[in-house]
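At position 208 of the sequence shown (counting the first as 1) the number is 901 in our numbering, and the numbers step up by one without a gap. Below is one structure; the comments refer to it alone.
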Amino acid sequence: KDHCQSWEIVRTGQPLPLNGLFFTDERHGWAVGEFGTITATTDGGKTWQVQHRGGQRAAVLLLHARAGGIPLDTVAHLGGQEGYLCAALRVTASDLTTADPMRSTEGARFAAAVRQAGGAAGEMLWAFPISSHLLRAPRQELLHAWNTLHEDQAAEQLLRQLILTIRMWRPAVLIVDDGDEKKSGGFPCDALMAEAVKAAFERAGDPKTFPEQLSGLGLEPWQAVKVYALGHGDPAQVKLDLTAIAPRLQSTPREFAAGPAALLASEAVSLPDQRDFRLLAAQSKDAAAHRDLMQGVDLAPGGLARRMLDGPAEMPDDLRKAIQQRTNLKALSETPANALTDPNRLLAQIGPMLAKMPDDMAGKAAFAVANQYARMGQWALARETYLLLVDRYPTHPLAMEGYRWLIRHNSSGEARHRHELGQFIVVEDVRHGQPVKEGQTLGKPGEKGADKPGIKLPAWTPGTNQIPEIPEIKAKGDGQVYLFAKKEQVRQWYQSSLDLEPRLAAFGSLLTSDPSVQFCLQAARRNLGDVQKPHKWYTHFVSRQPDGPWRSAALAELWLANRTGPAPKPVWPCRFTETRPLLDGKLDDSCWQVVPIKLQKSDGKASDKDPFLKEYPTEVRLSHDSNFLYLALRCAHPSGGYVAPLKPRVRDADLSGHDRVSILLDLDRDYCTCFHLQVDQRGCVCEDCWGDKTWDPRWFVAVHSEPTCWVIEAAIPLVALTSDRITHGKAWACNVVRVVPCRGVQAWSLPAEVPEESLRPEGMGLLLFSHEQKGGEEKSSAR
């Protein structure tokens, strides 16, 4: 009435959250909220009358620290099949100062995923952000970080928020994260959440606890019946089979929840066959004997917290058989392909099994199998299955994701080189049942023996500081080294990516205009020798794209065409060296006598006086010769940060809890697929290519530890990365990222994040090679 100069509290009598308010005049208005609640007022908001609602409280409340912690398959069983009203709360949020901008939609995606899985409501808090380097931090470090936002009262504010949530939703059963840090995948925030929810369960019914919620908000004390924590094996009071067919879902809970779970992870995920639940606390003494989550809870269908259930649905026999076929197909896809299990036989069975399913179900099943193969590192099998998906079900909504994966794979120089080295099982074309011929479709090596490694590398030997001899890469005619049977197969590899573009465009321009797809297509054109179309696209893109990493990447491509003026991205000259270093961690070799690059803080706001950079400065040096890329890092830390090298050193170890460095190498600058090599202060290494951890290159690493620093010297054989010759002026995209757990993230080029959470390839800088030829002449290559 006074243009928002003063406000007064008006109670609607609805404890559930209200999400929208609309007035037609000063007296008449409506408010809408969760569970389909609609209330109306005719006296300017003084009193409200309920017009409609689908429920008055939640039967189940799921409280989790992370989006990936919520068991959506359990929501599908309880909410979709049994009709209980399920609400979910994600307590933490991403730190907006360092997170990928795509995470700004996490709250909306969380709510959508919960509803798609059969839940009634989902929300995410904003007051407890977690930077990616703190995701696996001990609970005390996490509370310390939150104390800066909550005036040293983070624990109390967390408890206050959980009790407020319980009093609003008034659930009978609470489900929370696993309280065992070792079994919960190394996320102490999950254990912290289990501890906090247990305390909230015990105090939410006490009117003396946070009484302002009762007097100010009109809520009432609420005592839930019991609280369960997600478990991993025994001891578990409740075991939920997620593979049993649920008639109302017309699927299994596991398969029904697969799509919503992918919405949270931004990629397909594999859900378990069974969920285990451990009783944390209960009001009734016999709760420990319950073998069902809702046992002891009397909530009738159509009542306050449960939907009205239809009679048991009769499933047609053909649908039941199709579901069983999909289950069998899943088991088939999880069978490791090896010498004893012919991959062609596996693929040959997929087509007939899909033919027995309805098209919608078959499309989902094909997509799930293709993703399973991709996660297993069997890209050749994944490629054939994705092709089966897009050829048989071209209009299926998941076909667009199949096209996107195929375009990224078929334009990737990293994937091409791995095929050249024979790192994948050779398969036949399952669409037509014929062996793949030379140059067919996706540029497979094809010819017998063409998939075998072109150059054998010595075995990876931790602790060896003398670099072995590597057969020199010899260039042919045009300066390239082809491990494919013929040069035409290289062209076919990249052309197959471009052939898929118009098929993806049929789903709409929004998909084809995605920079993560377009940069792959332009990289394929460059590798085919077409520089005009990419130049035109980059020019058009920068004219309409706002400032950000993708615009900088396009400007960098335009800069590489003439290399005049300041570069729009950080540029790192990689000098040629005549002398190989001795890998002893001392950095006294001639190749290291250059000015080092210093890493900066990942938020880009810190100065040289920043305590993190002063305590943990990082210096990096790079050089190369005809056979190796050499890397040296000096990572300083306070005297208390010393960790002795691990003996024997472990490969593909879990490095998440240690001071570690990541090297990202994107050879064709598609800012999508890249090689990712990691080393931690113990000397342990872990590698992946485009997320595939079965990639195990043979490289040589030495780590030297001192009380105030640790030093890396590494030699990466170029033949493990590329079959193209390294010429003067050649440009790769590159980044070096250091993660100090509980302290922060440093990187050479920004944006950057903890690599386990998000590689942020679009944030890479440019690595420029210099290579003096005989007679002092230099050869230039701008590709």
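From the three backbone atoms N, C-alpha and C, an ideal C-beta is built for every residue, glycine too.
Take Glu-816 as the anchor and find which of Ser-1189, Gly-726, Arg-832 has the nearest alpha-carbon. The count along the sequence shown starts at 1 and reaches residue 816 at position 123. The shortest Cα separation from Glu-816 among Ser-1189, Gly-726, Arg-832 belongs to Gly-726.
Inter-residue spacing [alpha-carbon to alpha-carbon] between Gly-713 and Ala-751: Here residue 713 is taken as the residue at index 20 of the sequence shown, counted from 1. Here residue 751 is taken as the residue at index 58 of the sequence shown, counted from 1. Gly-713 and Ala-751 have their C-alpha atoms some 20 angstroms from each other.
Whole angstroms is fine: what's the gap from Arg-746's alpha carbon to Ser-908's? Taking the first residue of the sequence shown as position 1, residue 746 is located at position 53. Taking the first residue of the sequence shown as position 1, residue 908 is located at position 215. Approximately 25 angstroms, taken between the alpha carbons.
To the nearest angstrom, how far is the alpha carbon of Arg-808 from that of Ala-781? Taking the first residue of the sequence shown as position 1, residue 808 is located at position 115. Taking the first residue of the sequence shown as position 1, residue 781 is located at position 88. One C-alpha to the other measures close to 10 angstroms.
Considering only DSSP beta bridges, list what Val-866 is partnered with. Residue 866 sits at position 173 when you count from the first residue of the sequence shown. Bridge partners of Val-866: Val-753, Lys-919.
Just how far apart, CA to CA, sit Gln-1185 and Pro-1410? Working through the sequence shown from its first residue, we reach residue 1185 at position 492. Working through the sequence shown from its first residue, we reach residue 1410 at position 717. CA-CA distance, Gln-1185 to Pro-1410, rounds to 26 angstroms.
May I ask you to report which of helix, strand or coil DSSP gives Asn-1320? Taking the first residue of the sequence shown as 1, we reach residue 1320 at position 627. Looking at Asn-1320 - three-state DSSP - the assignment turns out to be coil, as it is neither helix nor strand.
Buried versus exposed, by CB contacts within 10 Å (16 or more), Ile-1419: Position 726 of the sequence shown, counting from 1, holds the residue named residue 1419. With 16 or more Cβ atoms within 10 Å of its Cβ, Ile-1419 is classed as buried.
Just how far apart, CA to CA, sit Arg-1019 and Glu-775? Indexing the sequence shown from 1 puts residue 1019 at position 326. Indexing the sequence shown from 1 puts residue 775 at position 82. The straight-line gap from Cα to Cα measures roughly 23 angstroms.
Out of curiosity, what's the CA-to-CA distance linking Thr-1270 and Ala-804? Along the sequence shown, read from residue 1 onward, the residue named residue 1270 stands at position 577. Along the sequence shown, read from residue 1 onward, the residue named residue 804 stands at position 111. Whole-angstrom Cα-Cα distance: 55 angstroms.
From Arg-1362, Thr-1205, Asp-1352, Ser-1283, pick the residue whose C-alpha is nearest to that of Leu-1248; which is it? Taking the first residue of the sequence shown as 1, we reach residue 1248 at position 555. Just measuring C-alpha positions, the residue of Arg-1362, Thr-1205, Asp-1352, Ser-1283 sitting nearest Leu-1248 is Arg-1362.
Beta-carbon separation of Val-918 and Ala-980 under 9 angstroms? Translated into the one-based positions of the sequence shown, residue 918 becomes position 225. Translated into the one-based positions of the sequence shown, residue 980 becomes position 287. Yes, they are a contact pair.
Please report how far the alpha carbon of Thr-841 lies from the alpha carbon of Leu-1306, in whole angstroms. Within the sequence shown, numbered from 1, the residue matching residue 841 stands at position 148. Within the sequence shown, numbered from 1, the residue matching residue 1306 stands at position 613. Spanning the two alpha carbons is a distance of roughly 20 angstroms.
Distance check for Lys-1049 and Asn-1103, CA to CA, integer angstroms please. On the sequence shown, residue 1103 is found 410 positions in, with the first residue counted as 1. On the sequence shown, residue 1049 is found 356 positions in, with the first residue counted as 1. Computed Cα separation, rounded: 30 angstroms.
Three-pair Cβ contact test at 8 angstroms for the region 716–726 versus the region 831–838: No: fewer than three Cβ pairs fall under 8 angstroms.
By alpha-carbon positions, which one of Gly-1222, Pro-1227, Ala-1407 ends up nearest to Asp-1282? Taking the first residue of the sequence shown as position 1, residue 1282 is located at position 589. Among Gly-1222, Pro-1227, Ala-1407, the Cα nearest to that of Asp-1282 belongs to Ala-1407.
Compute the distance between the beta-carbons of Arg-968 and Val-1083, then report whether it is under 9 angstroms. Stepping through the sequence shown from its first residue, residue 968 is reached at position 275. Stepping through the sequence shown from its first residue, residue 1083 is reached at position 390. No, these two residues do not count as a Cβ contact at 9 angstroms.
Given a threshold of 16 other Cβ atoms within 10 Å of its Cβ, counted over all protein chains shown, does Gln-1182 qualify as buried or as exposed? Translated into positions along the sequence shown, residue 1182 becomes position 489. Under this definition Gln-1182 is a buried residue.
Would you list the one or two residues that DSSP bridges to Glu-1406? Working through the sequence shown from its first residue, we reach residue 1406 at position 713. According to DSSP, which records beta bridges pairwise, Glu-1406 is partnered with Ala-1325, Ala-1395.
Proximal residues to Ala-810 (C-beta, below 6 angstroms), its chain only, five neighbours per side dropped: In the sequence shown, residue 810 corresponds to position 117, counting from 1. Result list for Ala-810: Leu-765, Val-768, Ala-769, Ala-950, Pro-953, in chain order.
Between which two residues does the beta strand (DSSP E) carrying Val-743 extend? Counting from 1 along the sequence shown, the entry for residue 743 is found at position 50. Val-743 -> beta strand (DSSP E) spans 742–745.
Tell me which residue opens and which closes the alpha helix (DSSP H) that Trp-1285 is part of. One-based indexing of the sequence shown puts residue 1285 at position 592. Here Trp-1285 belongs to no alpha helix (DSSP H), and DSSP marks it neither H nor E.
Inter-residue spacing [alpha-carbon to alpha-carbon] between Leu-1339 and Pro-1448: Locating residue 1339 in the sequence shown gives position 646, where the first residue counts as 1. Locating residue 1448 in the sequence shown gives position 755, where the first residue counts as 1. Answer to the nearest angstrom: the Cα atoms are 22 angstroms apart.
Is it buried or exposed, Pro-1263, if we count other Cβ atoms within 10 angstroms and call 16 or more buried? As a working mapping, residue 1263 is identified with position 570 in the sequence shown. Buried is the label assigned to Pro-1263, since at least 16 other Cβ atoms lie within 10 Å of its Cβ.
Under 7 angstroms Cβ to Cβ from Glu-1107, same chain only, skipping five residues before and after it: list those, please. If you number the sequence shown from 1, residue 1107 lands on position 414. For Glu-1107, where only same-chain residues beyond five positions count, the Cβ hits under 7 angstroms are Leu-1360, Thr-1366, Cys-1367, Phe-1368, Cys-1382, Trp-1383.
Using a threshold of 9 angstroms, state whether the C-beta atoms of Trp-1425 and Ile-1290 are closer than that. Within the sequence shown, residue 1425 is the residue found at index 732, counting from 1. Within the sequence shown, residue 1290 is the residue found at index 597, counting from 1. Result no, Cβ atoms of Trp-1425 and Ile-1290 do not sit closer than 9 angstroms.
Which of helix, strand or coil DSSP assigns to Tyr-1309: The residue labelled residue 1309 in the question sits at position 616 within the sequence shown. When DSSP states are grouped into helix, strand and coil, Tyr-1309 belongs to the coil group.
Leaving out five residues on either side along the sequence, give the residues of the same chain with a beta carbon under 6 angstroms from the beta carbon of Asn-1220. Translated into positions along the sequence shown, residue 1220 becomes position 527. Non-local C-beta neighbours of Asn-1220 in its own chain, meaning closer than 6 angstroms and more than five positions away in sequence, comprise Tyr-1187, ordered along the chain.
Just the C-alpha distance for Ile-1405 and Phe-1393, rounded to the nearest angstrom, thanks. Taking the first residue of the sequence shown as position 1, residue 1405 is located at position 712. Taking the first residue of the sequence shown as position 1, residue 1393 is located at position 700. Near 10 angstroms, if we compare the C-alpha coordinates of Phe-1393 and Ile-1405.
Let's see if you can read the secondary structure: which residues bound the alpha helix (DSSP H) around Ile-1100? Numbered from its first residue, the sequence shown carries residue 1100 at position 407. Going by DSSP, Ile-1100 is part of the alpha helix (DSSP H) stretching over 1092–1103.
Inter-residue spacing [alpha-carbon to alpha-carbon] between Ser-1189 and Leu-709: Residue 1189 sits at position 496 when you count from the first residue of the sequence shown. Residue 709 sits at position 16 when you count from the first residue of the sequence shown. Rounded to the nearest whole angstrom, the CA to CA distance from Ser-1189 to Leu-709 is 53 angstroms.
Residue from His-1233, Cys-1435, Trp-915, Arg-1273 with nearest C-alpha to Gln-1215: Taking the first residue of the sequence shown as 1, we reach residue 1215 at position 522. If you compare the alpha carbons of His-1233, Cys-1435, Trp-915, Arg-1273 with that of Gln-1215, the shortest gap goes to His-1233.
Provide the residue span of the beta strand (DSSP E) that contains Gln-967, from first to last. As a position in the sequence shown, residue 967 is number 274, starting the count at 1. Its beta strand (DSSP E) spans residues 967–975.
Leu-935 and Pro-965: beta carbons closer than 9 angstroms? Counting from one through the sequence shown, the residue named residue 935 turns up at place 242. Counting from one through the sequence shown, the residue named residue 965 turns up at place 272. Yes; because the gap between Cβ atoms is below 9 angstroms, this pair is in contact.
To the nearest angstrom, how far is it from the Cα of Leu-1358 to the Cα of Trp-1252? Here residue 1358 refers to the residue found at position 665 when the sequence shown is read from its first residue. Here residue 1252 refers to the residue found at position 559 when the sequence shown is read from its first residue. Roughly 20 angstroms separates the two Cα atoms.
I'd like the list of long-range same chain contacts for Ala-939, defined as Cβ closer than 8 angstroms, with 5 residues on each side in sequence excluded. Start at 1 with the first residue of the sequence shown, and residue 939 comes out as number 246. The residues are Ala-769, His-770, Gly-773, Gln-774, Thr-945, Pro-946, Phe-949.
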